[in-house]
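Everything on this sheet refers to the single structure shown next.
There are 2 protein chains.
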Amino acid sequence: MSELTVRPVTGIGDVTPGADLAALITDAAPWLADGDVVVVTSKVVSKAEGRLVPLPPEPGPERDAARDRAIDSETARVVARRGPMRIVQTHHGLVLAAAGVDESNVDRSLLVLLPADPDASAAALRARIRALSGVDVAVVVSDTMGRPWRIGQTDVAIGAAGIEPVRDYRGGPDAYGNILDVTQVAVVDELAAAADLVKGKAEQVPVAVVRGFRFTASAEGGARALVRAGPEDMFALGTAEARADGLRRAATLPDDVPLGDGDLPQGAVEHALSMVDTTVDVLSASSRRVTLRPGGDPRRPARAGADIHRLRAALAAAGLASTWTDEPGADAPFGTITVGMPAGIASGAERRQ
Amino acid sequence: MSELTVRPVTGIGDVTPGADLAALITDAAPWLADGDVVVVTSKVVSKAEGRLVPLPPEPGPERDAARDRAIDSETARVVARRGPMRIVQTHHGLVLAAAGVDESNVDRSLLVLLPADPDASAAALRARIRALSGVDVAVVVSDTMGRPWRIGQTDVAIGAAGIEPVRDYRGGPDAYGNILDVTQVAVVDELAAAADLVKGKAEQVPVAVVRGFRFTASAEGGARALVRAGPEDMFALGTAEARADGLRRAATLPDDVPLGDGDLPQGAVEHALSMVDTTVDVLSASSRRVTLRPGGDPRRPARAGADIHRLRAALAAAGLASTWTDEPGADAPFGTITVGMPAGIASGAERRQ
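The listed protein sequences derive, respectively, from chains W and U. Residue numbering for the first sequence follows my numbering, beginning at 57 and increasing consecutively. Residue numbering for the second sequence follows my numbering, beginning at 57 and increasing consecutively.
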């Protein structure tokens, strides 16, 4: 690897809707060369593309309401909330405070939204830079993001063109011959971070150029590929929101949950029983099903019922499904509970693999 | 802002326990100058400090068990788990897969732990570089971390010396006179990311130098300041873990939860009632207390009891506390539920501020 340089592009000035951002960049940086990575702050891309929303310039409920409406329109789903602050997933798949809607570095009568399609913005800028100056650069559109677990923000790539966004070391050997099995470096995010070191927040330096970075060119790529979503996302909700969701699941747990065919994980039923202070007998047990007989004081049947629901919530917390019939039997005054794996999950043991 | 350069330090070679890492760096980079930021991969710091654990070189259960023991010893608490993969918070406060315990770029008979105190490691390296070569540099100790919501890893700072870890723009004006109220840039993380662009994973280039970055010198600083923990951490648990915790709370919800004096948020009780399909009457309501009379079929009292617990879980999901007495009253065959704010929380309205 050789040295790289990160150079601020000064003199771009204010960017207004309809501006030819590529022309502003090539005029301010006539030294652009093939293989450079041009990192552009999303805010100037948004301004050039007219992604602006008018709002009352004076602080107050009307300004707040206009801002809330803008955030709502950019939000696909809320991830976490604290007081008036919302962390949301945007329509792009990005997880951001206030959906990336920003009041800084813009006239007080305007809000800036993120570009509608930052990868397309990056591709268009790249093509236009090539048309204007003949140089073949990669383009990264950056934005500032907070992170769980760590104080402070860093810049990351929300759009990219002409560069493979991830450098994948998986399957390759290290210097000791060990196979690297997890390392995928988000190089476009590291480029955005490096560029931020020369851009600053309060100065009008919205563009920086990284020279000397040997990247893999890509006609496709795009920062969209960095969005981790669906079952791969282990942090789809804030802790308070997920905990409330667990409580809601307990509140709405139906009597008749479909039971699957998977084998019950060793000890899981016992673990759930130990969580709840109530009397219960095991009537029968196989690898896939356990039938329980809840006990309790026959003079306090409502309490027995509440404890049955506690027990079923404990089973659910352990990843188990249960059904309850309250039909009293000869020997089972409060009915029986049947426990199995949730339908659609092969087995507890396999889930752990 | 002016240009900065990021330069790999080549020729350091293998680092062994007891090695004088500062000497290896100053020998390989005799061009080090005042104001440079030396970014050192944590792995070579750990190797020099002897933070190594022997383990059986052959794949198999013994190697896995030794690795698990090493992870356990580095773990303060488990944040999330998926199959055999654990994301944990280490004793340093860092949230990392496998507690940062690493098998790559080391002999197969050894595991590498993170440095015990990476800020102290950075400070010691900085002092020793100054003693050896007379130059005053900042030192960042970096490690590779995954991120929620985004594919791929980036390098971040786990230790730092001689540099303020965060650049704080809060309270300052932007070019439009808006006050920047949230921006705190984690500059040491951006420096680690920039350095990673020239270090690579598979090559033996564990050190890079950033020159030209105008940072705030700090005698204290330290990357420890970047750890966000406690109530500020909105993602203390994985979604599955927090949801299971909510179910466990429902399972263990006592009858007699202490009620606080805060005002109930408008509509919160109604919202919770709407979640559960059961009959319930409001006996009395004030700003701080609502008393409910659960209904139900008197011939199926256990079911009424289960529905009472469902309702209390729904109230808890809405952030409300409740007590239940199953003492039947004249008009209340299944007792009464009293709802309030949890003790210690001033009011629902204030919580939203």
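Backbone N, C-alpha and C define an ideal beta-carbon position, used for all residues, glycine too. Model, not experiment: these values are computed from the prediction.
### Task
Taking U/R349 as part of the beta strand (DSSP E), name the residues at either end of that continuous run.
346-350
### Query
Can you name the residues that DSSP bridges to U/L282?
In DSSP, U/L282 forms no bridge with anything.
### Message
At a CB distance below 9 Å, what residues from the region 353-369 of chain W approach chain U? Give them in sequence order.
### Response
R356, P357, A358, R359, A360, G361, A362, D363, I364, H365, R366, L367, R368, A369
### Query
Taking the Cβ atom as the reference point for each residue, do W/F269 and W/V65 lie within a distance shorter than 9 Å?
no
### Message
My output table needs one value for U/M397: the three-state DSSP class, helix, strand or coil.
### Response
coil
### Task
Run the CB neighbour count on W/R203, radius 10 Å, all protein chains shown included, and call it buried at 16 or more, exposed below.
buried
### Task
Pick helix, strand or coil for U/A388, following the three-state DSSP scheme.
coil
### Task
Decide if the region 240-249 of chain W is in contact with the region 241-259 of chain U; the criterion is three or more beta carbon pairs, one per stretch, under 8 Å apart.
yes
### Query
Whose Cβ in chain U lies nearer than 8 Å to the Cβ of W/W87?
Going along chain U, no residue has its Cβ under 8 Å from W/W87, so there is no contact; the nearest lies around 11 Å.
#### Entry: Neighbourhood of W/P73 by C-beta distance below 8 Å, restricted to the same chain and skipping five residues each side
K103, A104, E105, G106, L108
### Task
Please name the residue or residues paired with W/S378 in a DSSP beta bridge.
W/V395
### Message
Using a 10 Å radius around the Cβ and a threshold of 16 neighbouring Cβ atoms, would you call U/M201 buried or exposed?
### Response
buried
### Message
Please list, in chain order, the chain U residues whose beta carbon lies closer than 7 Å to that of W/T295.
### Response
M290, F291, A292, L293, A298
### Task
Give me whichever residues DSSP pairs with U/G302 in a beta bridge.
Answer by DSSP bridge pairing: none, since U/G302 is not bridged.
### Message
Quick check: the Cα distance between W/Q209 and U/Q240, rounded to an integer number of angstroms?
### Response
6 Å
#### Entry: Interface residues of the region 207-221 of chain U facing chain W [CB-CB below 9 Å]
I207, G208, Q209, T210, D211, V212, P221
### Query
Cα separation between W/L88 and W/A155?
33 Å
### Query
Near W/P389, which residues of its chain fall below 7 Å by C-beta distance, leaving aside the five closest residues on each side in sequence?
P354
### Query
Is it true that the CB of U/T131 sits closer than 9 Å to the CB of U/R138?
no
### Query
Taking the alpha carbon of U/R344 as the point to measure from, which residue in U/Q322, U/A358, U/P357, U/G361 has its own alpha carbon closest?
U/Q322
### Task
Say yes only if the C-beta of U/W380 is nearer than 8 Å to one or more non-hydrogen atoms of the ligand GTP, and no if none qualify.
No copy of the ligand GTP appears in this structure; indeed no ligand is present at all.
### Query
Is the region 371-383 of chain W touching the region 304-318 of chain W in the sense that three or more CB pairs, one from each, lie closer than 8 Å?
yes
### Task
Scan the region 237-254 of chain W for residues whose Cβ lies nearer than 8 Å to a Cβ of chain U and list them as they occur along the chain.
V238, T239, Q240, V241, A242, V243, D245, E246, L247, A249, A250, D252, L253, V254
### Message
Determine whether the beta carbon atoms of W/A285 and W/V244 lie at a separation below 9 Å.
### Response
no
### Query
If you compare alpha carbons, which of U/V144, U/G256, U/D175 is closest to U/E276?
U/D175
### Message
Taking a contact to mean a Cβ-Cβ separation below 9 Å, would you say W/A369 touches U/R304 in this structure?
### Response
yes
### Query
If we ignore side chains and look at the alpha-carbon of each, how far apart do U/I393 and U/A341 end up?
12 Å
#### Entry: Near-chain W residues of the region 272-285 of chain U - C-beta to any C-beta below 9 Å
A281, L282, V283, R284, A285
### Query
Between the Cα of W/D76 and the Cα atoms of W/G361, W/V157, W/V62, W/L188, which residue gives the shortest distance?
W/L188
### Query
DSSP on U/R408, reduced to helix/strand/coil?
A caution first: U/R408 carries a pLDDT of 39, below 50, which makes its placement in the model unreliable, though a value can still be read off. Looking at U/R408 - three-state DSSP - the assignment turns out to be coil, as it is neither helix nor strand.
### Task
Pick helix, strand or coil for W/D312, following the three-state DSSP scheme.
strand
### Query
Helix or strand or just coil, what does DSSP make of W/L108?
strand
### First through last residue of the beta strand (DSSP E) which encompasses U/M290
From DSSP, U/M290 is part of no beta strand (DSSP E); its letter is neither H nor E.
### contact_flag[the region 324-341 of chain W, the region 326-336 of chain U] where n(CB pairs < 8 Å) is 3 or more
no
### Message
On a Cα-Cα basis, can you pick out the residue from W/E118, W/A372, W/V134 that is closest to W/P310?
### Response
W/A372
### Message
So, with DSSP's three-state summary, where would you put W/D337?
### Response
strand
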